[in-house]
Every structure is written in structure tokens, then in C-alpha cells.
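Residue numbers (this note's numbering), protein chains in the order written: chain A, 8 to 120; chain B, 62 to 176. The C-beta atom is built at its ideal place from N, Cα and C for all residues, glycine as well. Note sheet for the following structure.
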Amino acid sequence: AQTVTQSQPEMSVQEAETVTLSCTYDTSESDYYLFWYKQPPSRQMILVIRQEAYKQQNATENRFSVNFQKAAKSFSLKISDSQLGDAAMYFCAIGGGADGLTFGKGTHLIIQP
Amino acid sequence: AAGVIQSPRHLIKEKRETATLKCYPIPRHDTVYWYQQGPGQDPQFLISFYEKMQSDKGSIPDRFSAQQFSDYHSELNMSSLELGDSALYFCASSLERGRANYGYTFGSGTRLTVV
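This is the structure:
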């Protein structure tokens, strides 16, 4: 079984600052993928960033980057230059193949203007 | 670009009734997943289909069933509905069981309310 732990139920950051959301996971699989999804009040699940476990290089997507520490089973998300539109629930997830994704409980990100 | 289409967007049913949710994956995607997200909860994986065959089963109640048709669309059938089934139901699709570069794409969800 795979598990995902997000230890921060809520985070708050000033607009234009940087914030890091934590995620740890556990899996017995050797081949897997890690994801960060954003869920705004509309409840749409939006893919923020994706990391393949066999790739050592950390994934980046514009203002979003990850710190992937495979040995420590850690996958944190860094959001630079935070914007009001970044306010949402952020879910960390692990998956591979057709098994479906296992999600963490989520971190509610608040952006202070 | 085409996205994952779910219908209906909203559905209200009474206890013990039956509901059918539909999902149309992104064209050429061969894998479909269903998730249930209760209020204030994280999404829970229910079931997946790869090339029209059931691939994996998660926490799907016996009262629920699903299938994927020849055109790759999928339907989630829910019978003997209970108040606790009220949730947002997501469908997601992927190519090659999620191993293609663009991973999983979620639909906008169907909000089911059981009264």
C-alpha cells in the first residue's frame, strides 16, 4: 500500500513571497510518479507539477518547483512569487500505472495581499 | 485542447435510488479512473479501466459498478444510494496507464447530493 502525508493542514504566505509545502510518502514500488495537484474553490483538480521517481533532476514549471529526495521519500513543492490566484487546496499524490493515485489530506494555502 | 468530460455536473437523488455518472476521456487516452471526494476530504480512488478491461479496484462499495465501453467512455453506476454517498465524483484519464508524459487529466467532476 502507498501512503502520502501532508503535515501542514494550512499555510499562509504574503503575496510575492515564497512558500514551501511539505509531503512525505511511502511505497514499496520502485517505479512510481509523484504529483502536486491544485484544487481551487471551483473544486477542479489541476495538475501543478509531476515528477518521475527514476529522474534525479527536480521538476520545475515556471514559478513551481519541487525538492525530490528519494531516499528520504520527501517531495516538497516550492511556490515562488506567490500570487492571489495560487490560493487553493494543494494535494500531493503518488501513483504508477493503472492503480490510481493515492492522495495526501491536502494543504490549504492562503495568500495574504 | 479536448478535456475529460463528465456528465451530469450536478445530480440530486433520494435515498435508495440509482444514479449513473458518465465520463468521456480525452481522445486516444486508454485508461480511465474514478475517484470519490467527500466534503473536506482528499479524493479516494474507486476503480480504473485500461483498454476497456477493469484494471484496478480501490475502495469502491459493492453497491457501485462501472464499465468502459468500446468508444472508451465510462459509466459509474450507483445503486441503493445512501446519504454518505453525497460527494464529488471525479473521472480522470491517461495514456498508457499514466506513464505517458502528460500523466493524468481530471474532469470537472459530478456533484452528487443524496437527500
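Beta carbon proximity, residue i to chain B, threshold 8 Å
i: residue 51(A); result: yes
i: residue 45(A); result: no
i: residue 80(A); result: no
i: residue 2(A); result: No answer is possible for residue 2(A): the residues shown for chain A start at 8 and end at 120.
i: residue 88(A); result: no
Residue-level contact to chain A via CB, residue i, 8 Å cutoff
i: residue 137(B); result: no
i: residue 151(B); result: yes
i: residue 170(B); result: yes
i: residue 133(B); result: no
i: residue 167(B); result: yes
i: residue 146(B); result: no
i: residue 68(B); result: no
i: residue 140(B); result: no
Separation of residue j from residue i, as counted between CA atoms
i: residue 33(A); j: residue 11(A); result: 7 Å
i: residue 111(B); j: residue 146(B); result: 25 Å
i: residue 148(B); j: residue 61(A); result: 35 Å
i: residue 129(B); j: residue 85(A); result: 38 Å
i: residue 49(A); j: residue 84(B); result: 19 Å
i: residue 30(A); j: residue 119(A); result: 23 Å
i: residue 122(B); j: residue 88(A); result: 43 Å
i: residue 174(B); j: residue 141(B); result: 13 Å
i: residue 35(A); j: residue 8(A); result: 7 Å
i: residue 135(B); j: residue 105(B); result: 18 Å
i: residue 76(B); j: residue 169(B); result: 24 Å
i: residue 127(B); j: residue 21(A); result: 45 Å
i: residue 64(B); j: residue 77(A); result: 32 Å
i: residue 165(B); j: residue 96(A); result: 18 Å
i: residue 103(B); j: residue 37(A); result: 24 Å
i: residue 125(B); j: residue 106(A); result: 18 Å
Reference residue i; option with closest CA among the options
i: residue 23(A); options: 60(A), 45(A) and 90(A); result: 90(A)
i: residue 86(B); options: 67(B), 149(B) and 77(B); result: 67(B)
i: residue 93(B); options: 170(B), 176(B), 105(B) and 155(B); result: 155(B)
i: residue 137(B); options: 175(B), 97(B), 77(B) and 169(B); result: 97(B)
i: residue 73(A); options: 117(A), 115(A), 58(A) and 21(A); result: 58(A)
i: residue 150(B); options: 81(B), 76(B), 64(B) and 63(B); result: 81(B)
i: residue 55(A); options: 20(A), 8(A), 106(A) and 28(A); result: 28(A)
i: residue 99(A); options: 38(A), 43(A) and 64(A); result: 43(A)
On the three-pair Cβ rule with 8 Å, is the stretch 9 to 16 of chain A touching the stretch 60 to 69 of chain A? In short, these stretches do not touch, since the Cβ pair count stays below three.
Below 8 Å, how does it come out for the stretch 65 to 74 of chain B and the stretch 102 to 121 of chain B: are there three or more Cβ pairs, yes or no? no
According to a CB-to-CB cut-off of less than 7 Å, which residues of the stretch 78 to 105 of chain B neighbour chain A? 92, 94, 103 and 104
Interface residues of the stretch 48 to 78 of chain A facing chain B [CB-CB below 7 Å]: 50, 51, 52, 54 and 57
For the stretch 91 to 120 of chain A, enumerate the residues whose C-beta is nearer than 8 Å to any C-beta of chain B, in chain order. With the criterion set as a beta carbon lying under 8 Å from some beta carbon of chain B, the members of the stretch 91 to 120 of chain A are 98, 102, 103, 104, 105, 106, 107, 108, 109, 110, 111, 112 and 113, in sequence order.
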